[in-house]
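Notes follow once the structure below has been shown.
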Amino acid sequence: MKKPNNPVYYMLLFSGILLFIFLIMQPLEILHFRDYISVLFPKGDIALEQRNLLFIVQIIMLLVIIPVFICTFIFSWKYRADNPKGVYDPDLVDNIFLEFVWWGVPFVIVVLISILTWYKTYELDPYKPIQSEKKAITIQVVALQWKWLFIYPEENIASLNFLQFPKDTPLHFEITADAPMNSFWIPALGGQIYAMSKMKTELYLIANQEGDFRGSSANISGEGFAAMHFIARASSEENYQQWVESIKQSQKGLNWESYSKIALPSQEDAPETYNLTDPKLFDKILNKYMHPKKE
Amino acid sequence: MLGRLTLEDFKHDFVQNGAVASMVLGGVGLIALIFYLKRWKWLWNEWLTTTDPKRIGIMYIVVVLIMFMKGFGDAMMLRAQQAMAVGDSQGFLTAGHFQEVFSAHGTTMIFFVGMGFIFGLVNLIVPLQIGARDVAFPFLNALAFWLFTAASMLVLISLAIGKFSTAGWLAYPPLSELEYSPGEGVDYWIWILQIAGVGTTISGINFLVTILKMRCPGMTLMKTPIFVWSILCAMILVIFAFPVLTATLFMLSLDRYLDMHFFTSGGGGNPMLYVNLIWIWGHPEVYVLILPGFGILSEIVPTFSEKRLFGYVSMVWALLLITFYSFVVWLHHFFTMGASPGVNTFFAIMTMVIAIPTGVKIFNWLFTKFRGRVHFTSPMLWFFAFLLNFTVGGMTGVLLSVPPVDFQVHNSLFLIAHFHGMAIGGLLFSLFAGFTYWFPKFTGFFLDEKLNRYAFWCWLGGFLLAFMPLYMLGFMGATRRLDRYGVETNWHPLFVLVAIGAVIILIGASIQLFGLFWSIKNRKKNWDHTGGDPWNGRTLEWSIPSPPPIYNFAIIPTVSDVDPLWAIKRGEAPPARKDYEDIYIPKNTPIGMYIGLFSLIFGFAMTWHIYWLAIIGLIGILVNTIIQLSGNDEHDLITAAQVQEMEEARIRGNAAL
Amino acid sequence: MNDSMMVHHTRDKTANTSTPDPYQDAFSKTVFGFWLYILTDCLIFTTLFTTYAVMHNETFGGVHSRDIFQLSTAFTETMILLFSSVTCGLSVIAAVNNERKKILGWLIVTFLLGISFIAIEFREFSDLVHEGHKWDQSAFLSSFFTLVGTHGLHVSVGLFWLIVMFVQIFIKGITIPTFRRLVIFSLFWHFLDLIWIFIFTFVYLMGVL
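Residue numbers (our numbering), protein chains in the order written: chain A, 88 to 382; chain B, 236 to 892; chain C, 9 to 217.
Now the structure itself:
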């Protein structure tokens, strides 16, 4: 029976209480902030798959973690020095069976998770197109200092620090940078991928609901890094078409010259939209660092 | 004349001015104290010119304490800013300053607290545990310490003069290239790491040779304490990994100084190459940090369970596997850089494989306690905290190693929570355990146990509060390194919570610092009267007096068992030799300190482009090296008769107590 | 050969203070430690080689390796270094036999060969710079100059070390420390020759083919 005066008892009790508090804290946080926990409550298929994978691996890992915690508490109590009932066997220095268990079981678990990982990494490859009857919309993304430029090559429009697209439609992002390394991330819809100058990375996402989703850069790119957040809006198909049409009426054109001005460092730029007058703009940006500057 | 250094570089904002003032005051106060106590000669002869690893180890820890205060101060500022800078509030740090602070925080904690503390303990413990009198290369040992200190001083100078790097603790290009970071910050960072890196590499070679060639008779590798094994493996990692860092930083500095195009955006440069190279170093580096922590626990758990370490052979294999595998996992730090799924999968699986031997070690420690007699002294409390926090951190590591999951949490606060679980929950708690465990050995008295416990609870509770909510913040889309954010994110309440956690940790750390001075003041009360073996130890360091005599062992022991002291106590040890012999001790030398000083001058001069001063620094290093390489290998001699006298005096002294 | 050097040539597995070796097996520890240093230096070169391998075609519109490398020069440098390794080895043999004049003589020859290597390489670099193919023109040129230049820097440091050894042996003759230092110097010198073989093969030969 527990002796209330035993310091080990209190140590185990207090640490147990601490652990319990932090265990309870997780579901409490989830309940309270539900609408803002984009990774756990995603709005797109890709993010949903990623979250489910997270849960599966987490549950498998608990198979190892829980025994460790149980052993920690039980052994601390049962074999404490002042416990007359604890068996003391100073020469118990090895046990082949136990070694098999704790080399073997984690090995099996790792094999399981590895197979799952292999399968899912291919399935959720950012470069892999999303199967859908609807045709994918291509959006070219340029990370700048310290804002995001979104170019729609098929619609001949462009948008700064804001993008809109119809829900349930695959989005094919082609991403580059005219800035230090950034990372393009809309957590509600799916995982991120780096945006690097001279390189074109690709990401497929899809939104299952209408709404405004927060996007940001996930890699430090200079002083204005914290300003690199934007809204990604999933709307109905009609709403999207209206938005595209209204931009096409705009006087503001985007070509290499006006782009060069936009690319100059600035922070907290208000969203802007442009008529894309140079459809090859993205390729030019990609090639910007490929050749010596022509004087 | 002074390169690009101007008077403007001495002017800072209010907060930084305060930090610089307190630093300068602290330094001046220390110097004044030494004058007041008239201890300059003592300091010079006993400490600054020493080649005794026991002294060098203590000096490492002194520097580490100073750097810990800097790194911790950085952390408090980061937490304060993030708790305040929501919506319209800008907090109290500008974006640039905030970015300097987190870059300095990471650099300081990893290189100058983690590595420094480890090398301090290695210096103190390894020669004793292998039954040796010294390390293989005593001068190089001192030199490595002074290079470490020179780099630390350059970090502190960067607080006062100019700006530090704003590119993070790893300075990815192109952000760290001239185009985006033309100032002195990245250059400071480069030279700090280069100087510290050379010191570390030297120590790596030194301790590898020491462990492989200087073990006492009978101590085969499979009878060596696990702490020594963990250091052996860590040093193998050091000598294979640090040259990659040296070469990579060399190339970055060539980009910055000579306009080369290794990692620039233009000119054919390849920033992704830097990311690969730096993590080929970076991943083994984090294992260099954690393996000694594991080794410390492998000493503490058996001692305080009164039982041999469970599964010695298993533990050695686990160490070796971790060492090997740590070289083939580096890409997991950038799954999101766009590699093919095949490549990502390979590195993911390799990363998971490392989790196996790590788990094995945890089970072996647990089963050391099984059917033992466990004493919950403060080292064991730290081990308990380690078990709770490191396992959770390790588990999130496996989550991070699954690429599709990583795509959603990379560079978010989820990642920060994971690696702080490893660094604080794993490394720091083990270091605290080792510090409290071995403190009596080198001072002869205990740290105040009550204050230890208060500090422990503050650290455990504070750590949980400061880092558990970060996992959720990561899920909420909060990335790392943000100096401000909008109200609509709803991150603010959690940021306030973690700031409170940081304050609780601050209280714990303050108790520890206070406790150190308090224990020194009350040392008579906490004196170790057992003659050097206060914990009923099992390894050789507990068989000699506390503090140890300069020659460590009057007679080199012969061992036949793991836990050689335990064998002696049970009457199972081979008979000890009884004859004293002449002992040669390496002479003191100031050359190590001079080379460190000239390295500091060189690093500072290169940062500010003061090239004539840099040349002076180089010449200074060169001249001192030649002086050292021209010596005659002179040693001080302690004759057998003197040894006998010292030993008999000690025995008489013990009997009198 | 004097007796105290015999003691230091033997390999004791553990530190044994019962023999009259006040330096506790310093020779074998130093040599082993220096081999470890060579390992780290090798890794620095590996990193630079890897970088060169990744970047050797990134010419940014400028010259390729086949446009600027001259095999005849590289071959001459190779022969010079190979011979200097031989003369360095002869110097160490003379040291084992304690023949001071021979040691110094072979050291001088090694030095002359080494300095010719540096002169030829310096000439090659300055010619390239004058033709406008400087290290800041492309990633290829950056990695070429750095890899070969780092090797040249190591050779220069070696030459400097050689002078120091020469002076030491001139003044003190062969003692335990000077012998030990000469041996590890020769290890360093041979190592540099080995690295050059790799440079000649992977940079010059393969760059021209």
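We treat Cβ as the ideally placed atom computed from N, Cα and C, and that holds for glycine.
Return yes when the Cβ of residue j is within less than 8 Å of the Cβ of residue i, no when it is not.
i	j	result
valine 473/B	tryptophan 190/A	no
aspartate 763/B	serine 781/B	yes
leucine 601/B	phenylalanine 162/A	yes
isoleucine 133/A	isoleucine 293/A	yes
glycine 366/B	phenylalanine 788/B	yes
proline 240/A	tyrosine 291/A	no
methionine 540/B	lysine 458/B	Just to set this straight, residue 540/B is serine in the shown sequence, not methionine. No, the Cβ-Cβ distance between serine 540/B and lysine 458/B is not below 8 Å.
alanine 715/B	isoleucine 651/B	Note on identity: in this sequence residue 715/B is arginine, with alanine being the wrong assignment. Cβ atoms of arginine 715/B and isoleucine 651/B: closer than 8 Å.
valine 640/B	leucine 141/A	yes
isoleucine 143/A	phenylalanine 710/B	no
asparagine 326/A	methionine 268/A	no
threonine 350/B	threonine 435/B	The sequence shown places methionine at residue 350/B, rather than the threonine named in the question. Result yes, Cβ atoms of methionine 350/B and threonine 435/B sit closer than 8 Å.
alanine 668/B	tryptophan 617/B	yes
serine 304/A	tyrosine 376/A	no
phenylalanine 681/B	proline 576/B	no
asparagine 228/B	methionine 63/C	Outside the displayed range of chain B (236 to 892) lies residue 228/B, so it cannot be described from this structure.
leucine 835/B	methionine 388/B	yes
Run the CB neighbour count on residue i, radius 10 Å, all protein chains shown included, and call it buried at 16 or more, exposed below.
i	result
glutamine 32/C	Only weak support exists for where glutamine 32/C lies, its pLDDT of 47 falling under 50; the value from the coordinates is given anyway. Classification of glutamine 32/C: buried, given that the 10 Å Cβ count is 16 or more.
threonine 241/B	exposed
isoleucine 205/C	exposed
tyrosine 60/C	buried
glutamate 207/C	It is worth fixing the name first, because residue 207/C is isoleucine in this sequence and not glutamate. So isoleucine 207/C ends up on the buried side.
lysine 21/C	Per-residue confidence for lysine 21/C stands at a pLDDT of 42, beneath the threshold of 50, marking its modelled position as unreliable; no derived number is given.
glutamate 281/B	exposed
asparagine 859/B	buried
lysine 172/A	exposed
leucine 467/B	buried
threonine 209/C	exposed
valine 259/B	exposed
isoleucine 179/C	exposed
threonine 455/B	exposed
Who are the near neighbours of residue i in its chain, counting only those whose CB is closer than 7 Å to its CB and skipping five residues on each side?
i	result
histidine 655/B	Phe702
alanine 875/B	Tyr815, Glu816 and Asp817
lysine 398/B	Glu335, Gly418, Glu419 and Gly420
alanine 264/A	Val229, Ala230, Ala282, Met283 and Ser284
aspartate 356/A	Lys234, Leu247 and Asn248
serine 146/C	Glu66, Thr67, Phe68 and Gly70
Go through its chain and collect everything with a Cβ distance to residue i's Cβ below 6 Å, but skip five positions before and after it.
i	result
glycine 311/A	Trp233 and Gln354
alanine 890/B	none
valine 126/A	Pro274
arginine 450/B	Ile365
Give me, in chain order, the residues of the same chain whose beta-carbon lies closer than 8 Å to that of residue i; leave out the 5 immediate sequence neighbours on both sides.
i	result
isoleucine 46/C	Leu195, Phe196 and Phe199
arginine 606/B	Lys542
Short-range partners of chain B found in the region 290 to 323 of chain A, where Cβ spacing is below 8 Å: For the region 290 to 323 of chain A, the set of positions with a beta-carbon nearer than 8 Å to some beta-carbon of chain B reads Arg301, Ser303, Ser304, Ala305, Asn306, Ile307, Ser308, Gly309, Glu310, Gly311, Phe312, Ala313 and His316 in chain order.
Mind listing which residues of the region 56 to 88 of chain C have their C-beta closer than 9 Å to chain A's C-betas, in chain order? Contacts with chain A (Cβ-Cβ distance below 9 Å) from the region 56 to 88 of chain C involve Phe68, Gly69 and Gly70, listed in chain order.
As an exercise, report each continuous alpha helix (DSSP H) stretch of at least 4 residues that is fully enclosed by the region 527 to 599 of chain B, in chain order. Those alpha helix (DSSP H) runs which fall completely within the region 527 to 599 of chain B and span 4+ residues are 547 to 560.
Interface residues of the region 115 to 130 of chain A facing chain C [CB-CB below 8 Å]: Of all residues in the region 115 to 130 of chain A, none has a Cβ within less than 8 Å of some Cβ in chain C.
Which ranges does the beta strand (DSSP E) cover as unbroken runs of at least 3 residues, wholly within the region 228 to 255 of chain A, from first to last along the chain? Runs found: 235 to 239, 244 to 247 and 249 to 253.
Could you list the residues in the region 192 to 210 of chain C with a C-beta less than 7 Å from some C-beta on chain B, going in chain order? From the region 192 to 210 of chain C, no residue has a Cβ closer than 7 Å to chain B.
Taking only beta carbons into account, state which residues of the region 390 to 424 of chain B come closer than 9 Å to chain C, listed in chain order. Listed by position, the residues of the region 390 to 424 of chain B near chain C (Cβ gap below 9 Å) amount to none.
If you measure beta-carbon to beta-carbon, which residues of the region 573 to 593 of chain B are closer than 7 Å to chain A? Those residues of the region 573 to 593 of chain B that come within reach of chain A (Cβ to Cβ, closer than 7 Å) are Gly573, Pro576, Asn579, Thr580, Ala583, Ile584, Met587, Val588, Ala590 and Ile591.
Every unbroken beta strand (DSSP E) inside the region 341 to 427 of chain B [3 residues or more]: You should have found no qualifying run.
May I ask you to list, following chain order, the residues of the region 490 to 524 of chain B that have a beta carbon less than 7 Å from some beta carbon of chain C? Cβ contacts with chain C come from Leu493, Asp494, Met495, His496, Phe497, Gly502, Gly503, Gly504, Asn505, Leu508 and Leu512.
Which residues, in chain order, does the region 184 to 205 of chain A contribute to contact with chain B at a C-beta distance below 7 Å? Considering only beta carbons, the part of the region 184 to 205 of chain A lying closer than 7 Å to chain B consists of Leu185, Glu186, Trp189, Trp190, Pro193, Phe194, Val197, Ile200, Ser201, Thr204 and Trp205, in chain order.
In the region 653 to 710 of chain B, which residue ranges form an unbroken alpha helix (DSSP H) of at least 4 residues, counting only runs that do not cross its ends? With a minimum length of 4 residues, the continuous alpha helix (DSSP H) runs that stay inside the region 653 to 710 of chain B are 664 to 678 and 684 to 710.
Entirely within the region 67 to 121 of chain C and at least 4 residues each: give me those alpha helix (DSSP H) ranges in chain order. Taking 4 residues as the minimum length, the alpha helix (DSSP H) runs contained wholly in the region 67 to 121 of chain C are 73 to 76 and 79 to 104, in order along the chain.
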